[in-house]
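Student: Residue numbers (the working numbering), protein chains in the order written: chain A, 1 to 365; chain B, 1001 to 1365; chain C, 2001 to 2365; chain D, 3001 to 3365.
Ideal Cβ placement from N, Cα and C applies to all residues, glycine included.
All of these numbers come straight from a predicted model, not from anything done at the bench.
Have a look at this one.
Protein chains: 4
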Amino acid sequence: MSGNTFGKIFTVSTFGESHGLAIGGVVDGCPPGLELCEDDLQGDLDRRKPGTSRYTTARREEDEVKILSGVFEGKTTGTSIGLLINNTDQRSQDYSKIKDAFRPGHADYTYQQKFGFRDYRGGGRSSARETAVRVAAGGIAKKYLKQIYGIEVRGYLSQLGPIAIDCVDHSVTNTNPFFCPDETKLEALDAYMRDLKKEGNSIGAKVSVSAVNVPVGLGEPVFDRLDAEIAHAMMGINAVKGVELGDGFDVVTQKGTDHRDQMSPEGFHSNHSGGVLGGISTGQEILVHMALKPTSSISISGETIDADGKSADIITKGRHDPCVGIRAVPIAEAMLALVLMDHLLRHRAQNAGIVSPTPVIPAQR
Amino acid sequence: MSGNTFGKIFTVSTFGESHGLAIGGVVDGCPPGLELCEDDLQGDLDRRKPGTSRYTTARREEDEVKILSGVFEGKTTGTSIGLLINNTDQRSQDYSKIKDAFRPGHADYTYQQKFGFRDYRGGGRSSARETAVRVAAGGIAKKYLKQIYGIEVRGYLSQLGPIAIDCVDHSVTNTNPFFCPDETKLEALDAYMRDLKKEGNSIGAKVSVSAVNVPVGLGEPVFDRLDAEIAHAMMGINAVKGVELGDGFDVVTQKGTDHRDQMSPEGFHSNHSGGVLGGISTGQEILVHMALKPTSSISISGETIDADGKSADIITKGRHDPCVGIRAVPIAEAMLALVLMDHLLRHRAQNAGIVSPTPVIPAQR
Amino acid sequence: MSGNTFGKIFTVSTFGESHGLAIGGVVDGCPPGLELCEDDLQGDLDRRKPGTSRYTTARREEDEVKILSGVFEGKTTGTSIGLLINNTDQRSQDYSKIKDAFRPGHADYTYQQKFGFRDYRGGGRSSARETAVRVAAGGIAKKYLKQIYGIEVRGYLSQLGPIAIDCVDHSVTNTNPFFCPDETKLEALDAYMRDLKKEGNSIGAKVSVSAVNVPVGLGEPVFDRLDAEIAHAMMGINAVKGVELGDGFDVVTQKGTDHRDQMSPEGFHSNHSGGVLGGISTGQEILVHMALKPTSSISISGETIDADGKSADIITKGRHDPCVGIRAVPIAEAMLALVLMDHLLRHRAQNAGIVSPTPVIPAQR
Amino acid sequence: MSGNTFGKIFTVSTFGESHGLAIGGVVDGCPPGLELCEDDLQGDLDRRKPGTSRYTTARREEDEVKILSGVFEGKTTGTSIGLLINNTDQRSQDYSKIKDAFRPGHADYTYQQKFGFRDYRGGGRSSARETAVRVAAGGIAKKYLKQIYGIEVRGYLSQLGPIAIDCVDHSVTNTNPFFCPDETKLEALDAYMRDLKKEGNSIGAKVSVSAVNVPVGLGEPVFDRLDAEIAHAMMGINAVKGVELGDGFDVVTQKGTDHRDQMSPEGFHSNHSGGVLGGISTGQEILVHMALKPTSSISISGETIDADGKSADIITKGRHDPCVGIRAVPIAEAMLALVLMDHLLRHRAQNAGIVSPTPVIPAQR
């Protein structure tokens, strides 16, 4: 229980269901003195927001966040920050048909079995709707990291079904509805999604997220390594089934001579590690990849059971994204920012005292 | 900080360095009444132990665990369990040469930068030596899970470099030094490792671990999902760079119709999810894969820097495993057992009250 | 940091300042299936509410709580519960004069020094206004404890300045504005407060809170003893300077033969311990006392300093309780309920397994 | 469960029973670079140690602490510190008679009921023997606080039965077996204890502990206030039944004009608050008092029940302190040091960033 809080000393506790009155949360541990207003958070909320393109759910939510506390005269006070986002466009009637049957590939069955009872409207708490609060909270972390440490957290779509995408240009990512950093792939993506929609099916995706200017030294051995907590954060995003740091699963076939990132006075020669060694940041770019499954909310009939265990067929109507991976980009950024923020404060707590090492090689992207 | 504790209500706090006097820890939250003695834990410690085959480090440790508290007249009392393993075969002199240089691909540089100071003997706290305590602690969880719930946790080597291995027969796994569940692959593994040793190089590996008879309902939405905590646990094992649940990265190219695990009164038709939906166990087999990098401790010279940032060459002598992935099998099992144990107790705390659901479909392997 | 969360597995995270837009919080870990609506919480909020008598602050707040999530079709779902109370009657202009001076006996100076910056309006986060959220969250715990275990948590005023009050009749407590369980003391209390108001001064108080029908066995050795966590909870209430269990400070002059609660097959002969032995509940009444200081917000001028460290005089205007202890009664009840709820779930997690002891003596009030 | 860890980011996890093989623990989060050796901890262990005077238990334990990890070349490395103290003088046979009966006033009954099973030898985990580990861990905190911040933590006996003791001179405290800071009271104490021993009875005590040079700003609103965590720590010491900060229960009869600590440019005029306002340290002396009950282990027969609920008489033989309060002095110091250390690091985490306030009045004792 108590699974609704993330972080150890920079913490986010969230609440809210897909079709409740509102979603929101409490951000605790934010340093005082940070200039902060709703506009700082709204940008990422808009990026995550449903209804922004024809390839995401048609549900329209304003996702307008309100900061209810913790900010005074435009600056954080160091006390807890209350966040609230009202739900405005719930069409609960859409879900009445799935009240008594478990959608395959969804949390319906597991919630019912865990709690003996479930809010079936739009998946209730298991809906990705709650991630809006993560994005808002992550926005606070992002601002602090950027302003005080120059850290930048940036995500992008790195694969959609069969279409692999290289990170050609970060500045392109936010100019298209796919968060695709390679303009030459946009047409193919568009065509693929059009066909998919016609088919009534959905598709998996790979999302990548990176952070630059992360100081060397973040991460706590042995269990709370930076990479372990990143994996926790990313695998906790709806639909994620795999997480990689740096070379990820490619290391299986690498030899020691291939993988080890050699060093010279100018810095590391390579970044196979993804910016983490021994669970601690190296000062290089933190590079994370994750795999997101195709949503099971599709209009092709599937076999399932009802609440009595009897056989049933189901078509998931409602308004759903054919590729949930796309909208995960700002969520993954938010989660990475939350992990970095928590670890920055944790590092600072223990290491502000006797010794103050200076990096012996330059920070690297 | 305080990264040395794992779990929320079944917790393990560990201490110890590669070349210190001893390693050990505190296991807190174990239910009372469990029959427990050192022998219950020694088996897995022996499986993890160095010096057991010619393909693992030649360091010989007895790894004899002592239970110092929490057990009375052969049963756990419900109070904290103290574990101690003495270090017996340290050859610290081996490491004097690396005192002033950072081994590439190791935690030397990051520890030095984080703490301003490091125990360079054998990697100090960053050495995989500390995982012996995890294995001992995991043994307690394993015994409880098996005895009270019939849950079995089993790992195996699923790939070594280019050699992929299917889980043909779990009973074969512990009969060979590779934890390989397919006897037909043993010769190839042996040949590959022989060549590798000659070359003085190392190789990556893929390790898989599964749990059967896990009740439906374990996992806490939204941040402490079962899969998120498994990812945390596995990515926190030394050398792991990627973690997958079920189909993992294969989902990127799957369609919704491929991935969704349909259900009938007899149960699920498939297990693409790896036994977790919405972050909660489905009652199916929990299936986890992880990628382990090739160790950077190899006898082929590499470029690095010394503590003053000056260029240096390094050959890592000492006694090292050419494939650290192999010995990770019992460690991965221990970590999965720790996660399941913690979540079992967490689930029990919240759900022992008003509602007691019975699964509507049979538990499945 | 992150001091705004209470509890370990039944947790409450709160936000909000005296003069912000709203106060609220997240209650996590509530078992599913509990019937719950706003009315269940409103009663205690009304008891705590300012403006209910001429001896409490004249500030009028509706303190109308909204449950934003975690309840579906009238029952808790097992997911996090969002609580919101709008602030309606802020008169921030009252506080403009204290913007640049530190009120003696208040948190003004310490907040300014801790955070370098403070929301001076009504004490900001340090105001007792935030306790409304505790009362709402405690109401959830109270309902569960009562309904599932028959546990009753009841507080009362046990002393106001020189007027000591015995717990003559719990049913009288809520029939008067003093939470006084002895009707014969009401006139004296009324007279005392009238004089005090004329004087422009304030007075300390002693508040007591008890719980009956608590099962034997709650409390976790060695640091999270039930009494230790109760002390944590009570000392964390604004203005509390002392906490006692059972005989409290009287034990200093007791001998072993005086204090030890002897037992017979009918139960304990006495309850000097206050219902806790070795940090674990005995099944007897849990009895807690606390001392609350007189508020420093009085209309008699005092010496202080301003933000530049220069000498200044201050009279605290605004609307304040001459005895803050009175309104602490429902707050203390809420905190005791939160501690018991958390420990009940923690106990359940560990002890639902192998052994299920039955008390060998009857539960006792 | 998991009650055996204290602290949030400077944590201590302990294990061990009165008559087990050893007691010990893990200290996590200690900043790197602190010079530390066993001798730094042994002094306080010797102060706490049984067998040092004729008024404490005759059990003789060397209480020799070993540091097993986390220190390299005489300095802390920033990784977890393993502590071990072997038990050497257990006479378990002494306890065979109490195996089947519950000693009144002890944890025997509650442990049996909680866990269904108990280690009856010397109270098992409920014995004050475990506090030796707290003293060792607290010694680490004490050294850091003293060396880096100049903070001094000092305890003393402030009352024994009817004999009240003023803190005349801290330097006298450690020169007598009573931890009494007033030499003129030694004869009376000696006489009182002699009579008590003859009687076969025990007596309660009041212990006080203070800290000077604590920086302004420690403590986390709203639940983890410094005073709330101090109360948690102190009420968690065996036999403590009451805790006070500053004027404590005297505030009940104080008026606002009596209690408020007025300020001038030279500092506070008084310290009724005990150095904590709004849960945050003021920079003044932190002053804490606690009441310790008389031990129930006395040689005067008492009425109790056996494991079957039948009536029984009991005389507690074994070797026991007639006043357990005396030896609590170093334990209370250790716990206060642990709280301050944890809060110092927590404060540093959040407040090392944008704003760095300078106290506007001088620090005060």
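Taking just the CA atoms, how far does ARG1346/B sit from GLY3003/D?
Tutor: One C-alpha to the other measures close to 15 Å.
Student: Using 8 Å as the cut-off, can you tell me whether the segment 1215-1222 of chain B makes contact with the segment 262-269 of chain A, which would need three or more C-beta pairs spanning the two stretches below that distance?
Tutor: Taking 8 Å as the limit for Cβ pairs, the verdict is that the segment 262-269 of chain A does not touch the segment 1215-1222 of chain B.
Student: So, does the CB of MET2341/C fall closer than 8 Å to a CB anywhere in chain D?
Tutor: Not closer than 8 Å to any Cβ of chain D, the Cβ of MET2341/C fails to qualify, so no.
Student: Give the straight-line distance between the Cα atoms of GLN112/A and VAL2329/C, rounded to the nearest whole angstrom.
Tutor: Their backbone Cα atoms lie some 39 Å apart in a straight line.
Student: Strictly under 8 Å for the Cβ-Cβ distance: is ILE2098/C near chain A by that measure?
Tutor: Not closer than 8 Å to any Cβ of chain A, the Cβ of ILE2098/C fails to qualify, so no.
Student: Can you give me, in chain order, the residues of the segment 2132-2164 of chain C that have a beta carbon less than 8 Å from any beta carbon in chain A?
Tutor: Under the 8 Å Cβ criterion, the segment 2132-2164 of chain C contributes no residue.
Student: Roughly how many angstroms lie between the CA atoms of LYS142/A and HIS2232/C, to the nearest whole one?
Tutor: Roughly 34 Å between the two C-alpha positions.
Student: Distance check for ARG194/A and PRO188/A, CA to CA, integer angstroms please.
Tutor: Note that residue 188/A corresponds to Ala in the displayed sequence, not to Pro. Roughly 10 Å between the two C-alpha positions.
Student: By DSSP's criteria, SER1281/B is part of a beta bridge. Which residues make up the other side?
Tutor: Its beta-bridge partners are VAL1276/B.
Student: I need the straight-line Cα distance from ILE1331/B to THR1131/B, nearest angstrom please.
Tutor: Computed Cα separation, rounded: 7 Å.
Student: Would you please verify whether the beta carbon of PRO265/A is less than 8 Å from any beta carbon of chain B?
Tutor: For PRO265/A, the answer is yes, since a Cβ of chain B falls inside 8 Å of its Cβ.
Student: Tell me where the alpha helix (DSSP H) around LYS1142/B begins and ends.
Tutor: Its alpha helix (DSSP H) spans residues 1131-1144.
Student: Check whether the segment 1021-1029 of chain B touches the segment 1072-1087 of chain B, counting contact only when three or more Cβ pairs, one atom from each stretch, lie closer than 8 Å.
Tutor: Yes: at least three Cβ pairs fall under 8 Å.
Student: State the CB to CB distance for the pair ILE2293/C and VAL3251/D, rounded to an integer number of angstroms; the pair is presumed to be in contact (CB under 8 Å).
Tutor: Here residue 2293/C turns out to be Lys, not Ile, going by the sequence shown. Right, their Cβ atoms sit about 4 Å apart.
Student: Give the DSSP bridge partners of HIS1079/B, in chain order.
Tutor: For the sequence presented, residue 1079/B should be read as Thr rather than His. Answer by DSSP bridge pairing: none, since THR1079/B is not bridged.
Student: Apart from the five residues on each side of it in sequence, which residues of its chain come closer than 8 Å, Cβ to Cβ, to GLY1951/C?
Tutor: Since the first residue of chain C shown is 2001 and the last is 2365, residue 1951/C is not available in this structure.
Student: Just the C-alpha distance for SER3281/D and HIS3269/D, rounded to the nearest angstrom, thanks.
Tutor: So the two alpha carbons sit approximately 16 Å from each other.
Student: LEU2245/C touches chain B at which residues, Cβ-Cβ below 7 Å?
Tutor: Those within 7 Å of LEU2245/C in chain B number zero; the least Cβ separation is about 22 Å.
Student: Under the assumption that ILE2163/C contacts VAL2133/C (Cβ atoms under 8 Å), give the Cβ distance between them as a whole number of angstroms.
Tutor: About 31 Å separates the two Cβ atoms, so there is no contact after all.
Student: Contact check, LEU2157/C vs ALA2205/C under 8 Å by CB: the rounded distance?
Tutor: Right, their Cβ atoms sit about 6 Å apart.
Student: Give the straight-line distance between the Cα atoms of THR2257/C and SER3202/D, rounded to the nearest whole angstrom.
Tutor: THR2257/C and SER3202/D: Cα-Cα distance of roughly 8 Å.
Student: If the criterion is Cβ atoms closer than 8 Å, does the pair PHE3015/D and LEU1245/B meet it?
Tutor: Cβ distance not < 8 Å, so PHE3015/D and LEU1245/B don't count as in contact.
Student: List, in chain order, every chain C residue whose beta-carbon is nearer than 8 Å to that of ARG1260/B.
Tutor: In chain order: nothing, as chain C lies at least about 24 Å away.
Student: Should SER171/A go down as buried or exposed, given a rule of 16 or more other Cβ atoms within 10 Å for buried?
Tutor: Answer is exposed; the Cβ neighbour count stays below 16.
Student: Can you pull the chain A neighbours of ARG2125/C, defined as C-beta to C-beta under 9 Å?
Tutor: What ARG2125/C touches in chain A: SER69, GLY70, THR77, GLY78, THR79 and SER80.
Student: Should GLN159/A go down as buried or exposed, given a rule of 16 or more other Cβ atoms within 10 Å for buried?
Tutor: Buried.
Student: According to DSSP, which residues form a beta bridge with PHE2006/C?
Tutor: Note: PHE2006/C sits in a beta bridge opposite VAL2012/C.
Student: From THR1076/B to GLY116/A, what does the alpha carbon distance come to, in whole angstroms?
Tutor: If you take the alpha carbons of THR1076/B and GLY116/A, they lie about 32 Å apart.
Student: What are the complete beta strand (DSSP E) segments, minimum 3 residues, inside the segment 1223-1253 of chain B?
Tutor: Counting whole runs of 3 or more residues, the segment 1223-1253 of chain B contains the beta strand (DSSP E) stretches 1240-1245.
Student: Is the shortest distance between the beta-carbon of ASN174/A and the beta-carbons of chain B less than 8 Å?
Tutor: No, ASN174/A does not count as interfacial toward chain B.
Student: For the beta strand (DSSP E) that contains ALA291/A, what are its first and last residues?
Tutor: ALA291/A -> beta strand (DSSP E) spans 286-292.
Student: Residues of chain C with CB under 9 Å from ILE3298/D, in chain order?
Tutor: Under the 9 Å cutoff, chain C gives LYS2255, GLY2256, THR2257 and ARG2260.
Student: Less than 7 Å separating the Cβ of ILE1286/B from some heavy atom of the ligand PLP?
Tutor: Here there are no bound small molecules, and the ligand PLP is not part of this structure.
Student: Using the DSSP secondary-structure output, state which residues sit across from LEU84/A in a beta bridge.
Tutor: Looking at the DSSP assignment, LEU84/A forms a beta bridge with GLY24/A and LYS66/A.
Student: Using DSSP with H/G/I as helix, E/B as strand and the rest coil, what is GLU3266/D?
Tutor: Three-state DSSP puts GLU3266/D in coil, outside helix and strand.
Student: With DSSP collapsed to three states, give me the class of SER3018/D.
Tutor: Three-state result, SER3018/D: coil.
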